[in-house]
Amino acid sequence: MYSQSIDKLIAELKKLPSVGQHTAERYVFHWLARGKRDVADFVLSLKGVMDNVKSCEQCWNFTDTSPCQICADPKRDQTLLCVVADSQSVVALQKSGFNGVYHVLRGVLDATDPEGFSKIKIKQLFDRTVKDSDLLEIILALNPDLSGETTMMYLEKELHTKNPKIKISRLARGLPSGSDLQYADDITLESALKNRR
Ligand SMILES: [Zn+2]
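Quick note: the sequence shown, position 58, residue 58 per full-length UniProt numbering, numbers continuous.
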C-alpha cells in the first residue's frame, strides 16, 4: 500500500497491544514528519531496554540490576511477600506504600492453555517458600478477574501444602471485580492491603 519499508514498519507496530492499522500509520507518519533525530532517540531507547533490562533473580521483576533495587533494600520487610502478575502491579503497590518484597509471576494461569503453568514463574515462587524460608506471610495480589481468581485459588492450596507455617492472604474486596490492579488508585490499593484477609 505504502512503500515497502513503511508497510514493514506498520506491520511490526500492529503486533503491539491495542495498535491497529490507523494507529500504526499515525505513528509512522509522525516519525517521518519529525525527522531522523526523533527516530534515532526512539531506536536508542528501545536498544537500551533490549541491552540492559533483565530479570531480577529473586522476584522476576524486569530490572537493570539483579537483584533489583527493591530486593536489595535492607529496609524492606523480607518476611512479607506480595505475589503479583506483572511489573505494572509492582509500581501500583509501591505507590500505595507497601514495604514488603514481591514475586512477579509474569502472567496468570490460563485454563485454555495446558502449557500455561510452565510459562509463568510459579515454580520459582514455590522455590522461595521452601520450609527454611523466613517468610511469615504471602499476599496474593492478582487481578480479581476469572484467570486471576483461578490462579489465586491454585496458589493458596499449593502454598499451604508446601509450607503450612506461612500465612496466605488476599487483598480485601474493594477492588472492583474484573478490574486491573495497575489502574487502581493509591488509596483503594492501600485500604485493600490494610484490610487483607
Ligand atoms: Zn527483585
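Every residue, glycine too, gets a C-beta built ideally from N, C-alpha and C.
For residue i and residue j, I'd like the C-alpha separation in whole angstroms.
| i | j | result |
| --- | --- | --- |
| residue 106 | residue 121 | 7 Å |
| residue 139 | residue 65 | 25 Å |
| residue 197 | residue 169 | 5 Å |
| residue 25 | residue 48 | 25 Å |
| residue 98 | residue 111 | 30 Å |
| residue 69 | residue 129 | 21 Å |
| residue 161 | residue 22 | 51 Å |
| residue 75 | residue 124 | 23 Å |
| residue 164 | residue 80 | 15 Å |
| residue 113 | residue 35 | 44 Å |
Just to confirm, does residue i get its C-beta within under 6 Å of one of the non-hydrogen atoms of ligand 1?
| i | result |
| --- | --- |
| residue 58 | yes |
| residue 61 | yes |
| residue 74 | no |
| residue 68 | yes |
| residue 71 | yes |
Tell me which residue opens and which closes the alpha helix (DSSP H) that residue i is part of.
| i | result |
| --- | --- |
| residue 190 | 186-194 |
| residue 157 | 146-162 |
| residue 39 | 36-52 |
Is residue i near residue j, with beta carbons less than 7 Å apart?
| i | j | result |
| --- | --- | --- |
| residue 104 | residue 78 | no |
| residue 190 | residue 89 | no |
| residue 85 | residue 142 | yes |
| residue 171 | residue 192 | yes |
| residue 53 | residue 42 | no |
Assuming residue i and residue j make a contact with CB atoms under 8 Å, what is their CB distance in whole Å?
| i | j | result |
| --- | --- | --- |
| residue 27 | residue 13 | 6 Å |
What are the boundary residues of the beta strand (DSSP E) that includes residue i?
| i | result |
| --- | --- |
| residue 170 | 167-170 |
| residue 80 | 80-84 |
Compare the C-beta of residue i with all C-beta atoms of chain B and state if any pair is closer than 7 Å.
| i | result |
| --- | --- |
| residue 133 | Given the protein chain composition of this structure (a single chain), no chain B is represented. |
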